[in-house]
Amino acid sequence: MSSREPPPDPVARLQVWPTVVEGLNLLLANLGPMAKLALWPLLLSMAADFALAATFWGTPLYDVLKLVVLNLIWVLFAVGWLRLLLLQDRRVVRVFPQLTPDYRRFVLYTLVIALFDLALQLGRRFLEDAPDSLSAPGLEYWLAFLAVAFVKLRFSFVYPAVAAGETYSLQLAWRHSAGSSLALFGAQFIVVFIPLILLSYLANALAVGPNAFVQLLVWVISYAVVWPLEAAYLAILVVAFRNCTGWVPPPDKAIVERFE
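Residues 1 to 260, numbered by this note's numbering, are exactly what the sequence shown covers, in order.
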């Protein structure tokens, strides 16, 4: 894929383990910038969750507002992180991101894809006998979660494309992920989804009890762990996007001008 014209179909297929290894190497090589980029979204997400819980806890509105707000905060991290991995753009490595028009496009696609998560959250609340946001979800929820995650991954190439400033669409993302969807899902399952599920059950086991300090500590640690998992998710997505579309970064304009 050139920096201007995306191919109509995928140019290569993924393999699970090479994608896992390359994605983890990409993450480990950029741990310092990742921590700096995630600091502000981490604090914002914790503050937003606390404020929403204090106001809307126990209502369906809590699920809706939390989903929207946390997705908007996720955008603040995701665009910079993706630009760093795709373009080696060190200017994005800052605590407070400099918002550009790409952020607006990214927000639009993020909220559209988040509708799958909204259906999942509301489905859990209305279908379970005694839904409790503090309790670990059951097996049925996680099976539904994985099914939703699979569908979302089919559209997810739109994230790196938009972050890199490319003209792209959800339809193209669906076409480019065809043939590699199971491999992409497998890589994310190994690196992100399994740890996320285990974290949910571990946090629930540790938080059970009357000790408010332990519950608060578990809540803080859970948020601190989720953001590296988000970074890993996007790193694997970058590897998949580059391999399936053939995308390469545009030439450095400063270097081109120097040699003209």
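Quick reminder that beta carbons are idealized off the backbone N, C-alpha and C, glycines included.
Of Leu206, Val107, Gln188, the smallest CA-CA separation from Ala147 is found for Gln188.
Residues of the same chain with a CB within less than 6 Å of the CB of Leu37, apart from the 5 flanking positions on each side, are Phe77, Gly80, Trp81 in chain order. Rounded to whole angstroms, the separation of the alpha carbons of Leu182 and Pro41 is 30 Å.
With a contact defined as Cβ atoms closer than 8 Å, Pro8 and Thr245 miss out at about 11 Å. C-alpha of Phe145 to C-alpha of Ser180: approximately 20 Å in a straight line. By the C-beta criterion, the segment 209-228 is judged not to be in contact with the segment 160-179, since fewer than 3 inter-stretch pairs fall below 8 Å. Going by DSSP, Ile73 is part of the alpha helix (DSSP H) stretching over 60-87. Counting along the chain, the unbroken alpha helix (DSSP H) around Glu22 starts and ends at 16-28. Between Gly32 and Ala235, the C-beta gap is not smaller than 8 Å, which leaves the two residues out of contact. Looking at Val220, Gln121, Thr55, Pro195, the one whose alpha-carbon comes closest to that of Glu230 is Pro195. In this structure Thr110 is in contact with Asn71, their Cβ atoms being roughly 5 Å apart against a cut-off of 8 Å. Rounded to the nearest angstrom, the Cβ distance from Ala12 to Leu86 is 17 Å, too far for a contact under 8 Å. Annotation: the continuous alpha helix (DSSP H) that includes Ile221 extends over 212-245.
The criterion of a C-beta distance shorter than 8 Å is not satisfied by Ala114 and Leu184.
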